[in-house]
Amino acid sequence: AQSVTQLDSQVPVFEEAPVELRCNYSSSVSVYLFWYVQYPNQGLQLLLKYLSGSTLVKGINGFEAEFNKSQTSFHLRKPSVHISDTAEYFCAVSALGQGSTLGRLYFGRGTQLTVWP
Amino acid sequence: EAQVTQNPRYLITVTGKKLTVTCSQNMNHEYMSWYRQDPGLGLRQIYYSMNVEVTDKGDVPEGYKVSRKEKRNFPLILESPSPNQTSLYFCASSEYGTYTEAFFGQGTRLTVV
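So the sequence lines, in the order shown, correspond to chains A and B. Numbering follows my numbering, in which position 1 of the first sequence is assigned residue number 1; successive positions increment by one, without gaps. Numbering follows my numbering, in which position 65 of the second sequence is assigned residue number 1065; successive positions increment by one, without gaps.
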């Protein structure tokens, strides 16, 4: 089975400061990794994904994440945040598999990012 | 526009009164699923479907039913709702496979009193 741990439930930062949201995963097989963002009163939308290849992936709104296989991590970063980045961020993993595991996303518990002026 | 549409957005009901939350997608996706989101618990999968007439339990299926009679629709049925099913529900769809983006609906906030 797969599991995802988001190490911080809340991250407060000031505008224009850098931010890192941490995500670790556990899986006995190879995985695909995702970050989703949820703005207030909205559904989730994809920020970025790692499928294969370069371990540094870039997403929308200036976010990027780095896949570290040895540390089983997929931390999300942004060099300078804006107030509009205030949202909840979810890390998710999907295992390469067959049958009932194919297509299933396992989510972390979420990290609330709050950007202060 | 590619989208997943859930209805209703908000629902207050009483214990034991059967209800259905509808979900429809216009992207011809094979894979659809239902999640519930609770504070501090993230999203947990309730049921999923890999294609028409193919459904299976997720991590928290108790108290829920689903059906997939058409590719575009995947309703969630609560035959006898209880207060512990008060939650925010999301429907999602994706092309078959683990490597594609999942598209989410706007959510249905359900309160069972």
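The C-beta atom is built at its ideal place from N, Cα and C for all residues, glycine as well. Note that the structure is predicted; figures quoted are calculated from it, not measured.
### Message
Does the contact criterion of 3 or more C-beta pairs under 8 Å hold for the segment 59–67 of chain A versus the segment 1012–1031 of chain B?
### Response
Taking 8 Å as the limit for Cβ pairs, the verdict is that the segment 1012–1031 of chain B does not touch the segment 59–67 of chain A.
### Message
Which residues of the segment 1039–1051 of chain B have a Cβ closer than 8 Å to any Cβ of chain A? Give them in chain order.
### Response
Listed by position along the chain: 1040, 1041, 1042, 1043, 1044, 1045, 1048 and 1050.
### Among B/1108, B/1109, B/1111 and B/1092, nearest to residue 105 of chain A - alpha-carbon criterion
For the residues B/1108, B/1109, B/1111 and B/1092, the minimum Cα distance to residue 105 of chain A belongs to B/1092.
### Message
In this structure, how does DSSP classify residue 53 of chain A when only helix, strand and coil are distinguished?
### Response
Looking at residue 53 of chain A - three-state DSSP - the assignment turns out to be coil, as it is neither helix nor strand.
### Query
Measuring CB to CB, does residue 38 of chain A end up less than 8 Å from residue 92 of chain A?
No; because the gap between Cβ atoms is not below 8 Å, this pair is not in contact.
### Query
Taking DSSP as the reference, what is the three-state secondary structure of residue 1008 of chain B?
Residue 1008 of chain B: coil per DSSP, three-state reduction.
### Query
Roughly how many angstroms lie between the CA atoms of residue 20 of chain A and residue 76 of chain A, to the nearest whole one?
In this structure, the alpha-carbon of residue 20 of chain A lies about 6 Å from that of residue 76 of chain A.
### Query
Who are the neighbours of residue 113 of chain A on chain B, taking C-beta pairs under 7 Å?
Per Cβ cutoff of 7 Å: no residues; residue 113 of chain A is ~15 Å from chain B at best.
### Query
Are the C-beta atoms of residue 77 of chain A and some chain B residue less than 8 Å apart?
Chain B has no Cβ within less than 8 Å of the Cβ of residue 77 of chain A.
### Task
Quick one: grab the DSSP three-state call for residue 1081 of chain B.
Three-state result, residue 1081 of chain B: coil.
### Query
Buried or exposed: which applies to residue 42 of chain A, given that a residue is buried once 16 or more other Cβ atoms fall within 10 Å of its Cβ?
If you draw a 10 Å sphere on the C-beta of residue 42 of chain A, you find fewer than 16 other C-beta atoms in it, and that means exposed.
### Contact list for residue 1106 of chain B against chain A, beta-carbon separation under 9 Å
Residues of chain A passing the Cβ test: 41, 42 and 43.
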